[in-house]
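Presented below is the structure to which this report refers.
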Amino acid sequence: MIMQRFSGKVIVVTGAAQGIGRGVALRAAAEGGRVLFVDRADFVAEVAAEATGGETAGFVADLETYEGAHAAIAHAVRTFGGIDILINGVGGAIRMRPFAEF
44 MIMQRFSGKV IVVTGAAQGI GRGVALRAAA EGGRVLFVDR ADFVAEVAAE
94 ATGGETAGFV ADLETYEGAH AAIAHAVRTF GGIDILINGV GGAIRMRPFA
144 EF
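Note that the sequence shown covers residues 44 to 145 in our numbering.
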């Protein structure tokens, strides 16, 4: 029996098309989470469709840009009404900016 630790929670998982991010997103859904799978890979929606348990959606975004990050968060809010948990599984960094701009 799978625990339902994430029942009723909205979870955004980045880097969710493969590797650790994929595993985390699938497990969060299996435990009742409403999960947005985010990745720059076009097949992220197919991975989200594999999930069992909670409601899921896939969203393609390049999270190495501010625009991509903003679009992913906005999509989560539109789709699920908010965000309870954000899990960053993507590598890389947003373009170098002075610390004061963050």
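We put the beta carbon where it would ideally sit given N, CA and C, even for glycine. Note that the coordinates shown come from a computational prediction; the quantities given were computed from them, not determined experimentally.
By DSSP's assignment, Arg-77 forms a beta bridge with Val-53.
Sequence-distant partners of Ala-104 (beyond 5 residues in either direction) whose C-beta falls short of 6 Å from its own C-beta, in its chain, are Val-81, Gly-111, Ala-114 and Ala-115. Residue range 99-103 is occupied by the beta strand (DSSP E) that includes Gly-101, with no alpha helix (DSSP H) assigned at that position. The beta carbon of Met-46 lies closer than 7 Å to those of Glu-74 in the same chain, with the five residues before and after it left out. Distance check between Gly-51 and each of Gly-62, Glu-107 and Asp-127 places Asp-127 closest, using alpha-carbon atoms only. Of the residues Ala-119, Val-120, Gly-97 and Leu-79, the one whose Cα lies closest to the Cα of Val-56 is Leu-79. Bridge partners of Ile-130 according to DSSP: Val-56.
Membership of Phe-123 in the alpha helix (DSSP H) is indicated by the continuous run 109-123. For Ala-92, the enclosing alpha helix (DSSP H) has its first and last residue at 87-93.
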